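Heads up, the thing below is written out as structure tokens.
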Amino acid sequence: MSTKQKRLMPFLKIRLAIVSVLMAGSSAIAYAEDLSAWKLPPVPVPADNPQTPAKIALGHQLAFDTRLSKDDALACASCHAPVAGGGGPTPRAFGQGGELGRWAPSWDNSGYYTSLFWDGRASSLEEQTGALPGHMGPITAPGEMGGDIAQVTAKLNKITGYKKQFNAVFGSDATPENIAKAIASFERTLNATNSPFQQYVSGNKKAISASAKRGFELFRGKAMCTACHIPPLLTDNNFHNIGVPSAGPLKEDNGRFDVTKNDADKGRFKTPSLYNSGSFAFFMHDGSIITMREVVEHYNKGGTGVPNQDPLIMPLKLSGTEVNDLVAFVNSLTDERLDKIGRPELP
168 MSTKQKRLMP FLKIRLAIVS VLMAGSSAIA YAEDLSAWKL PPVPVPADNP
218 QTPAKIALGH QLAFDTRLSK DDALACASCH APVAGGGGPT PRAFGQGGEL
268 GRWAPSWDNS GYYTSLFWDG RASSLEEQTG ALPGHMGPIT APGEMGGDIA
318 QVTAKLNKIT GYKKQFNAVF GSDATPENIA KAIASFERTL NATNSPFQQY
368 VSGNKKAISA SAKRGFELFR GKAMCTACHI PPLLTDNNFH NIGVPSAGPL
418 KEDNGRFDVT KNDADKGRFK TPSLYNSGSF AFFMHDGSII TMREVVEHYN
468 KGGTGVPNQD PLIMPLKLSG TEVNDLVAFV NSLTDERLDK IGRPELP
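To convert, take the position in the sequence shown, counting from 1, and add 167; that gives our numbering.
So this is what it looks like as structure tokens:
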């Protein structure tokens with residue numbers, strides 16, 4: 168080594184050290200990607216129905232009480248089974264009229280929706296219950312729980328425990344409006360805020376597996392899932408025809424069209440949030456798919472090419488490993504607390 172090279176050696180070492188620090192810093196920056204846009208926000212709460220622990224507890228009881236239905240036969244939780252991700256335990260819901268035409272969608276994360284039902288015909292959780300006068304929903308729909316809301320209200324007011332609770336929460340006996348408000352308040356607590364994925368985007372990098380991390384990259388990249396399942400809610404609160412094969416007793420289900428009467432809406436159904444979908448017993452509006460892997464394969468092949476299929480639905484060319492990774496990611500969206508919600512003690 169020449170004398171000149173020896174003199175330059177300390178400077179070269181310093182330069183190499185600086186480069187190493189910069190490289191390490193850039194790696195740290197890449198690792199510490201800002202994922203705050205994926206964090207679930209506080210659930211919106213209407214000004215006329217503020218959340219209180221007592222109201223939520225009352226709503227929890229009402230959601231599991233069969234006395235809200237005709238002949239004391241069915242409860243909200245009969246079709247929205249916590250163990251099945253808050254969705255239907257059968258391909259299509261069953262009610263007073265037997266098998267219905269659609270799978271009961273999950274109530275998990277429903278507090279974030281701007282419209283309810285597969286066709287979006289209700290604008291709030293309160294409306295969706297069917298307890299409010301002028302709004303048909305599960306409690307009063309003849310083919311579902313089949314209750315008469317005046318009779319249901321009178322029945323609840325004859326139960327001492329409920330009479331006391333309604334007066335403590337609302338300052339009056341049970342009314343159709345207060346029944347709807349209590350159930351909606353309970354539903355607004357069913358948010359997957361402690362799912363492994365939510366832990367991951369909150370900074371716990373060990374919360375999900377390597378496969379789920381690869382699936383996350385696919386979800387927001389090659390698989391194009393975020394075209395409809397946008398963060399942080401993983402729904403665009405919109406309606407799409409995704410080329411689902413027809414199943415169940417209905418010869419044809421027009422979906423959103425039945426609400427809007429717009430031909431462009433034929434076969435379009437609401438985009439559900441994917442939280443806790445790893446626990447679903449069935450998928451799609453008609454329960455025609457039974458595993459998450461089949462759901463991914465449906466999108467991978469580009470749907471079935473039914474009339475009016477959304478142009479967003481196209482072959483994805485995912486490999487078998489990529490399908491597995493995408494399923495692993497979706498499974499990381501499950502908050503096990505929601506799957507374990509049980510029937511409370513009823514008055």
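Each residue gets a CB set at the ideal place from its N, CA and C atoms; glycine is no exception.
Note that this is a predicted model, so its numbers are computed, not measured.
Around the Cβ of Thr219, a 10 Å sphere holds fewer than 16 other Cβ atoms; the residue is exposed. Between the alpha carbons of Ala347 and Ser444 lies a distance of about 26 Å. Within the same chain, Phe450 and Ile456 come within 7 Å of Val462 by CB-CB distance, once the 5 residues on both sides are set aside.
Rounded to whole angstroms, the separation of the alpha carbons of Tyr329 and Ala321 is 11 Å. Annotation: the continuous alpha helix (DSSP H) that includes Lys380 extends over Ala377 to Phe386.
Measuring C-alpha to C-alpha distances from Ala242 to each of Gly313, Ser273, Pro300 and Pro213 identifies Gly313 as the nearest. With distances taken between CA atoms, Glu311 lies nearest to Asp238 out of Phe333, Asp238, Ser352 and Arg435. According to the DSSP assignment, Thr320 belongs to the alpha helix (DSSP H) that extends over Ile316 to Asn324. Below 8 Å, too few C-beta pairs join the segment 376 to 391 and the segment 240 to 256 to call them touching: fewer than three. Relative to Ile375, the option among Ser499, Pro208 and Lys468 whose CA is nearest is Ser499. Contact annotation: the segment 394 to 408 touches the segment 197 to 207, with at least three C-beta pairs closer than 8 Å. For Gly262, the CB contacts under 6 Å within the same chain, skipping 5 residues up- and downstream, are Gly310 and Glu311 in chain order. Going by C-alpha positions, Phe496 is about 18 Å away from Leu505. By the criterion of a C-beta distance shorter than 6 Å, Met481 is surrounded in its chain by Gly469, once the five residues flanking it on both sides are discounted.
Looking at Ser290, Thr501 and Cys395, the one whose alpha-carbon comes closest to that of Tyr442 is Thr501. When secondary structure is reduced to three states using DSSP, Ala289 falls in the strand class.
Following the DSSP letters along the chain, one finds Ile346 inside the alpha helix (DSSP H) bounded by residues Pro343 to Glu354.
C-alpha of Trp270 to C-alpha of Val368: approximately 31 Å in a straight line. Excluding five sequence positions before and after Ser378, the CB atoms of its chain that fall closer than 6 Å to its own CB belong to Asp492 and Ala495, given in chain order. Burial is judged here by how many other beta carbons sit within 10 angstroms of a residue's own beta carbon; Lys437 has at least 16 and is buried. Put simply, the backbone Cα of Asn358 is about 27 Å away from that of Thr342. For Gly487, the three-state secondary structure derived from DSSP is helix. Here the segment 417 to 435 lies against the segment 283 to 291, with 3 or more beta-carbon pairs under 8 Å apart. Here the alpha carbons of Thr488 and Met459 stand approximately 14 Å from one another. Classified as exposed, Val212 has fewer than 16 neighbouring CB atoms from the shown chains inside 10 Å of its CB.
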